[in-house]
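Numbering (this note's numbering), first residue to last: 1 to 175. Where is the CB? At the ideal position from N, CA and C, for every residue including glycine. Since this is a predicted model, take the numbers as computed values, not measurements. Working notes for the structure below.
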Amino acid sequence: MPPITLLTGPAASGKNAVAHVYATQFRQRCAVIDGDLVRWMLRNPHLAPWPTDPPDSPAQAQHRLGIRHCCMLAGSFAAEGYEVVICDVVGDALARYYRELLAGQDFKIVLLLPTWEESLRRLRSRGPTITESEAALPYEQQAQLREYDWRLDNTALSVEEAARWLAGQRGAAAD
């Protein structure tokens, strides 16, 4: 089975940009799944999860539901011969949930963690999304994350350099 990689990191850490470049420049068959987009399929109600939410909160239940669907998609793509990159912000408990659901797969978790200052710079360059105080919560969660296989400080790296690093971790491009 082709590998499945979860890219996690705080807001503006480069998850989606790195996944896109990795999939289009370093792989021949690769699908990218954005966990936020999967969760946005839930419209009424749509509950954004925050690290301060208790594990039994409705928002965390929706996050777990989104993870289950990300894993179903990933398994389906992998069964068809596609490598998969999932982009999602998770703490240790939800990272373990991914591992549980993808047991038996070649699954790795990669933490992208630029400095707080670089995360803020990138966040500000996006235009209005979340506030700096809102960004601080997931940044701190990610800085304390222990449930990952590889960690990359991509503060001074271009998106292409970060994607090349990931390709090096994952080995040669699939045929």
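With distances taken from CA atoms, which of the options is nearest residue i?
i, options, result
"residue 158", "5, 144, 18 and 148", "18"
"residue 65", "83, 77, 37 and 84", "37"
"residue 39", "133, 87, 171 and 167", "87"
Output the distance between the C-alpha atoms of residue i and residue j, rounded to the nearest integer angstrom.
i, j, result
"residue 100", "residue 92", "12 Å"
"residue 60", "residue 32", "23 Å"
"residue 8", "residue 28", "23 Å"
"residue 90", "residue 44", "23 Å"
"residue 124", "residue 51", "21 Å"
"residue 82", "residue 115", "32 Å"
Can you list, in chain order, the residues of its chain whose CB lies under 7 Å from that of residue i, leaving out five sequence neighbours each side?
i, result
"residue 122", "12"
Since I believe residue j is in contact with residue i (beta carbons under 8 Å), could you give me their beta-carbon distance rounded to a whole number of angstroms?
i, j, result
"residue 70", "residue 104", "The pair is not a contact, with the Cβ atoms about 16 Å apart (cut-off 8 Å)."
"residue 98", "residue 6", "6 Å"
"residue 67", "residue 94", "6 Å"
"residue 139", "residue 10", "4 Å"
Whose C-beta lies closer than 6 Å to the C-beta of residue i among residues of the same chain, with five residues either side of it excluded?
i, result
"residue 63", "49"
"residue 77", "31 and 84"
"residue 175", "Any reading at residue 175 must be qualified, since the residue scores a pLDDT of 38, below 50, and its modelled position is unreliable; no value is offered."
Within the same chain, show all residues whose beta-carbon is closer than 8 Å to that of residue i, passing over the 5 residues directly before and after it, in chain order.
i, result
"residue 132", "120 and 123"
"residue 107", "3, 4, 5, 6, 98 and 99"
"residue 14", "112, 114, 122, 154, 159 and 162"
Note down, one range per segment and in chain order, each beta strand (DSSP E) of at least 3 residues found wholly within the segment 58 to 128.
Those beta strand (DSSP E) runs which fall completely within the segment 58 to 128 and span 3+ residues are 83 to 87 and 107 to 112.
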